[in-house]
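Okay, so here's the structure we're looking at.
Residue numbers (my numbering): 1 to 521.
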C-alpha cells in the first residue's frame, strides 16, 4: 500500500502527501525580503498552498539558524470585533505558538493588557530585546481580523517598525491571507479619524501572490503517485485536468484523489483516463464540498456580484478593472485576466458558479413542472434541440416574472442574469444523465456561448439580450464563428427581449437563418 496520498484537507506534509516544493518559485524572493528586513503581504485564493508554504519557510529559516521564525495563525480571532478582547487574544496566541514551536520563552511575561493600543508593541520590544537573533513572523489568516482589531494591530506593528533602528522589534513580518493589502485599506477607507496621517499600511513594501501549478508541475506531482504505485495518469488525462483546473493546487489534488480513490477504488492497475477525469470533476461539482460552498458564498457579496453578473452575461464591466471590487474578486480566485480578457478562474469554477446560481431553478423544474419532462427531448441518443427550446419558450412565458423576481429578492440579486441562468438550468436537466455543457464566459463578449455535448453530438447555442436592431445580425455572425470552432454546421441563437412594453406574441418566435435557428424569448 502507498504511504502517501493526494491531500485536500489542510497543509501538506512531505511524509504523508504527494507534494511539490512550495518554495520552488517564490522562496528566493521571500528570503530577499526577509534579509532586507521588510514587512510584506502574501495573498492567494483559498486552499492554494499558503499555509504549506509558510510552514516550509518557517522550518527552513529555523534550520539555517540565522533567525528565529514563528508561524502564527490568527484564524481564531475571526468574529471578535472588539479590540479590547482581540488584542489580548493575539498576544496570548503569539505566546502559545512560541511555546509550541520551541522558540525562546519570555514573551509578554509582564504584559499590561489594560493598555490595548500598546500591549502588543511593548511585548515585542521586550521579547526582541532578550533574543540573540532577529525574529521573523508569518501571520496567517491576517485578513480575518475585524476593522477595529486590524487598525490597532497594524498601528502597533508600525510603531515598532519605524523605531526599530533604536528599539528592538520584529525584523520581518508577513501578513498572509486571501486579500491583498489594497483590500485591507478598502475595508476601512473613509475612517480618516481612525487612520490619521500615519497610515498603518505604509510599512508594507511588497505584495506577493502565489502562482498556480504549471502543466509541468501537475505532471511532476502525478509522477510521484505513479512512482509509488505504478498507476499511470494517461497524457490526455493530465492535459484535461490541467485545462479544467488551470493548475489550482486544491483542484489538481482533488481530481486525482477522486480518480484514484473513488473511481478506481485504489486499484492501481487501472490507468487514469480523461474520461475518468471528466467523471471525477462532475462528481466533485455535484457533491458541492466545502471548498466550493465557501467560495460560492462569496457570490452573495455585492462587490463580487458586480463582476460575476456581467461575466455570466458576457456584458461590459460597469466598474474599472483597477477598482477594489474587481481586484477583490480576482484575489478571491473567482476570475482571472487571460490574454486581455476576464473569464472565470478555471472551467470548473465557471461550472460551479452557474450551477450554484441556478440550482434552485433546476430543482423546481424537476419537482413542479411535469410538462417539461426530460425524455421527450431525446431521440436515438440525440437531443431534439428545436423541440427543447420551443418548450423553454413556453416555460419562460409562464414563469419568467416569477423567476426574475426570485433572483432579485432571494437568489443573491442576480436578476439581470436571470434569463441566462434559467435557460441554462432548463438545459442542465436534460444533460445531467450523461452530457456536459461547455460554457464560454468572458466579460465584454456581448453574449454567452454554450456547447451542449451529448451522445457524441455537439449543439452550439448563443444567448443574447436584445439591445437594438444589430443584436440578431451580430449574434448570427458570432454564432457562425462559434459553430466553426466547434466543428458543427447547426447552431441555435436564443434572444431575450426584456422590453416589458412588448407582448409575448411579439417576443416569442422561431426563425430559420441558413444553418442557425433563432428563438425569441
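Ideal Cβ placement from N, Cα and C applies to all residues, glycine included. The structure displayed is predicted, hence computed values, not measured ones.
Practice item. Could you have a look at residue 460 and say whether DSSP puts it in helix, strand or coil? Key: Residue 460: strand per DSSP, three-state reduction.
Review point. What residue from 307, 333, 332 and 314 has the CA that sits closest to residue 321's CA?
Key: Of the candidates 307, 333, 332 and 314, the one whose C-alpha sits nearest the C-alpha of residue 321 is 307.
Check your understanding: Is the Cβ-Cβ distance between residue 213 and residue 247 less than 7 Å?
Key -> Result yes, Cβ atoms of residue 213 and residue 247 sit closer than 7 Å.
Check your understanding: By DSSP, does residue 440 sit in helix, in strand, or in coil?
Key -> In this structure, residue 440 counts as strand in the three-state DSSP scheme.
Check your understanding: Taking the C-alpha atoms as reference points, what is the distance between residue 190 and residue 259?
Key -> Per-residue confidence for residue 190 stands at a pLDDT of 48, beneath the threshold of 50, marking its modelled position as unreliable; the derived number appears in the next sentence. Cα to Cα, residue 190 sits roughly 50 Å from residue 259.
Review point. Are the CB atoms of residue 68 and residue 133 nearer to each other than 7 Å?
Key: Remark: C-beta atoms of residue 68 and residue 133 approach each other more closely than 7 Å.
Practice item. Starting from the Cα of residue 207, find the closest Cα among 425, 503, 488 and 43 and give me that residue. Key: Among 425, 503, 488 and 43, the Cα nearest to that of residue 207 belongs to 43.
Review point. What are the boundary residues of the beta strand (DSSP E) that residue 50 is part of?
Key: Bounds of any beta strand (DSSP E) do not take in residue 50; it lies within the alpha helix (DSSP H) bounded by 50 to 64.
Review point. Buried or exposed: which applies to residue 205, given that a residue is buried once 16 or more other Cβ atoms fall within 10 Å of its Cβ?
Key: Residue 205 is exposed by the Cβ-count criterion.
Check your understanding: Would you say residue 422 and residue 403 are within 7 Å of each other, going by their C-beta atoms?
Key -> Their beta carbons are under 7 Å apart, which means residue 422 touches residue 403 by this criterion.
Exercise for review: Report all residues from its chain with a CB closer than 6 Å to the CB of residue 507; omit the five preceding and five following residues, and keep chain order.
Suggested key: Non-local C-beta neighbours of residue 507 in its own chain, meaning closer than 6 Å and more than five positions away in sequence, comprise 497 and 520, ordered along the chain.
Review point. Hey, how far is the Cα of residue 245 from the Cα of residue 394?
Key: Cα to Cα, residue 245 sits roughly 37 Å from residue 394.
Point to revise | Proximity of residue 354 and residue 309 at Cβ, strictly below 7 Å | key: By the CB criterion at 7 Å, residue 354 and residue 309 fall outside the cutoff.
Exercise for review: Round the Cβ separation of residue 475 and residue 450 to the nearest angstrom and send it over; I've been treating them as touching at under 8 Å.
Suggested key: Not quite, the Cβ-Cβ distance comes to about 13 Å (not below 8 Å), so this is no contact.
Check your understanding: Per the contact definition of three or more C-beta pairs closer than 8 Å, is the segment 102 to 112 in contact with the segment 3 to 15?
Key -> Not touching, per the Cβ criterion.
Exercise for review: Starting from residue 343, follow the alpha helix (DSSP H) in both directions and report where the run begins and ends.
Suggested key: If you look at residue 343, you'll find it isn't in any alpha helix (DSSP H); it sits in the beta strand (DSSP E) that goes 341 to 344.
Point to revise | Rounded distance between the beta-carbons of residue 328 and residue 536, thought under 8 Å | key: Nothing can be reported for residue 536, as the shown portion of the chain is limited to 1 through 521.
Exercise for review: Determine the contact status of residue 274 and residue 236, defining contact as a CB-CB distance below 7 Å.
Suggested key: Result yes, Cβ atoms of residue 274 and residue 236 sit closer than 7 Å.
Point to revise | Beta carbon of residue 125 nearer than 7 Å to that of residue 171 | key: For residue 125 and residue 171, no; Cβs fall outside 7 Å.
Check your understanding: Mind pulling the alpha helix (DSSP H) runs of 4 or more residues that sit fully within the segment 264 to 309?
Key -> Here the runs fully enclosed are 274 to 287 and 290 to 297.
Check your understanding: So, do the segment 148 to 161 and the segment 85 to 94 have three or more beta carbon pairs nearer to each other than 8 Å?
Key -> They touch, by the three-pair rule.
Exercise for review: Take residue 509 and list the residues in its own chain whose beta-carbon comes closer than 6 Å to its own, dropping the five residues that flank it on each side.
Suggested key: Only 520 meet the Cβ criterion.
Practice item. Mind the definition here: the segment 272 to 291 touches the segment 26 to 43 only if three or more C-beta pairs lie below 8 Å; say whether that holds. Key: Cβ pair count under 8 Å is below three, so no.
Check your understanding: Would residue 256 be called buried (16 or more neighbouring beta carbons within 10 Å of its own) or exposed?
Key -> Residue 256 comes out buried.
Check your understanding: DSSP beta-bridge partners for residue 448?
Key -> DSSP, once it has assigned bridges, lists 463 as partnering residue 448.
Review point. Beta strand (DSSP E) containing residue 138: first to last residue?
Key: That run of the beta strand (DSSP E) goes 135 to 140.
Review point. Three or more C-beta pairs closer than 8 Å, one from the segment 96 to 103 and one from the segment 138 to 147: is that the case here?
Key: Fewer than three Cβ pairs drawn from the segment 96 to 103 and the segment 138 to 147 lie within less than 8 Å of each other, which leaves the two stretches out of contact.
Practice item. Taking residue 165 as the reference, give the member of 416, 177, 129 and 176 with the closest Cα. Key: Nearest C-alpha to residue 165: 129.
Check your understanding: What is the DSSP secondary structure of residue 364, counted as helix, strand or coil?
Key -> The answer is helix: DSSP assigns residue 364 an H, G or I state.
Exercise for review: Give me whichever residues DSSP pairs with residue 512 in a beta bridge.
Suggested key: DSSP, once it has assigned bridges, lists 517 as partnering residue 512.
Review point. Under the rule that 16 or more other beta-carbon atoms within 10 Å means buried, what is residue 350, buried or exposed?
Key: By the neighbour-count definition (other C-beta atoms within 10 Å, threshold 16), residue 350 is a buried residue.
Point to revise | Inter-residue Cα distance where the pair is residue 452 and residue 64 | key: Approximately 56 Å between the Cα atoms of the pair.
**Study point:** Burial state of residue 47, where buried means 16 or more other Cβ atoms lie within 10 Å
**Key:** Around the CB of residue 47, 16 or more other CB atoms lie within 10 Å, so the residue is classed as buried.
**Study point:** Candidates 333, 337, 31 and 400, of which the one nearest residue 365 by Cα
**Key:** With distances taken between Cα atoms, residue 365 lies closest to 400.
Exercise for review: Could you check if residue 487 is buried or exposed, using at least 16 other CB atoms within 10 Å of its CB as the buried criterion?
Suggested key: By the 10 Å Cβ count, residue 487 comes out exposed.
Check your understanding: Taking the DSSP output, what are the residues bridged to residue 41?
Key -> Bridge partners of residue 41: 175 and 207.
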